[in-house]
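J.: Here it is: the structure, laid out below.
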Amino acid sequence: MKIYNRYEEMTLPDYPETSIIGVYGTLKRGMRNFYLLKNSKFLGQAIIRGLKMYSLGGIPGVKPGNRSNKIKIELFEVSQNTLRQIDKLEGIPYMYQRYKASYLKNKNDSIYFYLYQGKILEERRIKSW
Numbered sequence: 001m002k003i004y005n006r007y008e009e010m011t012l013p014d015y016p017e018t019s020i021i022g023v024y025g026t027l028k029r030g031m032r033n034f035y036l037l038k039n040s041k042f043l044g045q046a047i048i049r050g051l052k053m054y055s056l057g058g059i060p061g062v063k064p065g066n067r068s069n070k071i072k073i074e075l076f077e078v079s080q081n082t083l084r085q086i087d088k089l090e091g092i093p094y095m096y097q098r099y100k101a102s103y104l105k106n107k108n109d110s111i112y113f114y115l116y117q118g119k120i121l122e123e124r125r126i127k128s129w
């Protein structure tokens, strides 16, 4: 399983023709917002280091943690239009912000994922969604 880290914030939303996106929570296969990814190619699962997951009620959110923290994601190849729809769902840039993470063994192998932008209490931390 690939492990990604070294993530960075996107200053302006970038919409390449196709992208690889890492999802967790309601965008995963079988969850309520997966309909946005139904025509996208599933590429497998991966891990992003340095993130902690929290319960925001009916949805999860991730925030930066330390190197020992990690979350499991599902990877999809998405179209430009699908990426725009997911950005809209995630409330970019107010509720979530899209970040880019690089694969440990190849900096050019990168994915997009979303970090929660609000404040959250540590006791809302969860293992997974």
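Letter 71 of the sequence shown, counting from 1, is numbered 71 in my numbering, and no numbers are missing.
Don't be surprised by glycine CBs; every beta carbon is placed ideally from N, CA and C.
Let's see if you can read the secondary structure: which residues bound the beta strand (DSSP E) around K70?
T.: On the sequence shown, position 70 is the one that residue 70 refers to. K70 -> beta strand (DSSP E) spans K70 to S79.
J.: Is R32 helix, strand or coil when you go by DSSP?
T.: Residue numbering aside, residue 32 sits at position 32 when the sequence shown is read from its first letter. It is coil, neither helix nor strand.
J.: Check whether the region 63 to 80 and the region 108 to 128 touch, using three or more Cβ-Cβ pairs below 8 Å as the test.
T.: Cβ pair count under 8 Å is three or more, so yes.
J.: Which first and last residues belong to the beta strand (DSSP E) in which Q97 is found?
T.: Residue 97 sits at position 97 when you count from the first residue of the sequence shown. Q97 -> beta strand (DSSP E) spans Y96 to Y103.
J.: Can you tell me whether L51 is buried or exposed, with buried defined as 16 or more other CB within 10 angstroms of its CB?
T.: Taking the sequence shown and counting its residues from 1, one reaches residue 51 at position 51. That one is buried.
J.: Just tell me which of G118, Y4, I3 and K2 has its CA closest to the CA of V62.
T.: The count along the sequence shown starts at 1 and reaches residue 62 at position 62. If we check each option's Cα against that of V62, G118 comes out closest.
J.: Can you tell me the Cα-Cα spacing of I48 and R84, whole angstroms?
T.: Taking the first residue of the sequence shown as 1, we reach residue 48 at position 48. Taking the first residue of the sequence shown as 1, we reach residue 84 at position 84. Roughly 22 Å separates the two Cα atoms.
J.: Just tell me which of L27, N39 and E74 has its CA closest to the CA of I3.
T.: Locating residue 3 in the sequence shown gives position 3, counting from the first residue. Taking only the C-alpha atoms, the option nearest I3 is E74.
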